[in-house]
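Here the sequence shown is numbered in my numbering, starting from 1 and rising by one per residue.
Note that the Cβ used here is the ideal one computed from N, Cα and C, for glycine as well.
These notes concern the structure reproduced below.
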Amino acid sequence: MKRIRYGDMDDEGALEGLPLYMIILVVIAGIGTAVIGGWMMSAQTTELGSLEVEDSNNNKVDQMDLSEFGTKTIYITAYDQSSDPLEGVTISVEGCGASNIDEPVKLTDEDGEVSFSFESSELHVSGNSGTIDITGEYTGDMTLSESEDILVTE
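Right, here's the structure in full:
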């Protein structure tokens, strides 16, 4: 049988043909997998983690006394699961007449904040106490809600 030679090529240690093709294929597949993995990590959605209710002095509010007349303002901040402020959370207040204010439902701003102001005369309790329910609702992969309560006393 006659041997065919294509020039004076050095056959020792050369990567030609199928082995070279396989190496290129493995490298491209590795790069593609890394790109897709990175893209999927960036596509994680944000979910509602918690609500924080504070007064104008940044003190946590869990009780409101109606015997102190005047305007009561509460500031609510919504946070995601990473404790970063979350924009676009629907915050609603109910109970003790709180739903009778001008805007009982608001959306959080880019800082995750919203405020509600109540006149002492607008709020009422049955007996000596009642509860204002604050609910935050956010739709990410699924709709999640968080709640906080404020005890209202006379």
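Reference residue i; option with closest CA among the options
| i | options | result |
| --- | --- | --- |
| Asn-59 | Phe-69, Ser-67, Ile-23 and Thr-77 | Thr-77 |
| Ile-134 | Ser-145, Gly-70 and Val-125 | Ser-145 |
| Phe-118 | Met-22, Gln-81, Cys-96 and Ile-23 | Cys-96 |
| Thr-71 | Ser-83, Asp-55 and Gln-81 | Asp-55 |
| Glu-137 | Asn-100, Asp-80 and Leu-25 | Asp-80 |
| Gly-112 | Glu-47, Gly-30, Ala-29 and Leu-25 | Glu-47 |
| His-124 | Glu-103, Glu-94, Thr-139 and Gly-140 | Glu-94 |
| Gly-49 | Gly-127, Ser-82 and Ser-126 | Ser-82 |
| Gly-140 | Gly-127, Thr-45, Leu-25 and Ser-126 | Thr-45 |
Buried versus exposed, by CB contacts within 10 Å (16 or more), residue i
| i | result |
| --- | --- |
| Glu-110 | exposed |
| Val-152 | buried |
| Tyr-21 | exposed |
| Met-64 | buried |
| Leu-51 | buried |
Under the three-state DSSP convention, the category residue i falls into
| i | result |
| --- | --- |
| Ile-101 | coil |
| Ile-33 | Ile is not the amino acid found at residue 33; the sequence shown has Thr there. Here Thr-33 sits in helix by DSSP. |
| Val-53 | strand |
| Gly-130 | strand |
| Leu-25 | helix |
| Ile-88 | Checking the sequence shown, residue 88 turns out to be Gly, not Ile. In this structure, Gly-88 counts as coil in the three-state DSSP scheme. |
| Leu-159 | Examination of residue 159 is not possible in this model, given that the chain is present from 1 through 154 alone. |
| Gly-38 | helix |
| Leu-48 | strand |
| Leu-107 | strand |
| Leu-20 | helix |
| Gly-95 | coil |
| Glu-154 | coil |
| Ser-120 | coil |
| Gly-70 | coil |
Any non-hydrogen atom of the ligand MN closer than 6 Å to residue i Cβ
| i | result |
| --- | --- |
| Ile-150 | With respect to the ligand MN, the structure shown offers nothing to examine, as it has no ligands at all. |
Contacting residues, own chain, Cβ-Cβ under 6 Å from residue i (five flanking each side not counted)
| i | result |
| --- | --- |
| Ala-98 | Ile-132 |
| Ile-74 | Val-53, Val-61 and Phe-116 |
| Val-114 | Ile-76, Ile-91, Lys-106 and Thr-108 |
Close beta carbons around residue i, own chain, < 8 Å, minus the five adjacent residues each side
| i | result |
| --- | --- |
| Ser-129 | Leu-151, Val-152, Thr-153 and Glu-154 |
| Ser-120 | Leu-66, Glu-68, Phe-69, Gly-70, Thr-71 and Lys-72 |
Contacting residues, own chain, Cβ-Cβ under 7 Å from residue i (five flanking each side not counted)
| i | result |
| --- | --- |
| Thr-143 | Glu-137 |
| Glu-122 | Gly-97, Asn-100 and Ile-101 |
| Glu-148 | Leu-51, Val-53 and Ile-134 |
CB contact below 7 Å: residue i versus chain D
| i | result |
| --- | --- |
| Leu-48 | Note that chain D does not occur in the displayed structure, where there is just one protein chain. |
*Should the stretch 31-39 be called in touch with the stretch 79-92, which here means at least 3 C-beta pairs below 8 Å?*
no
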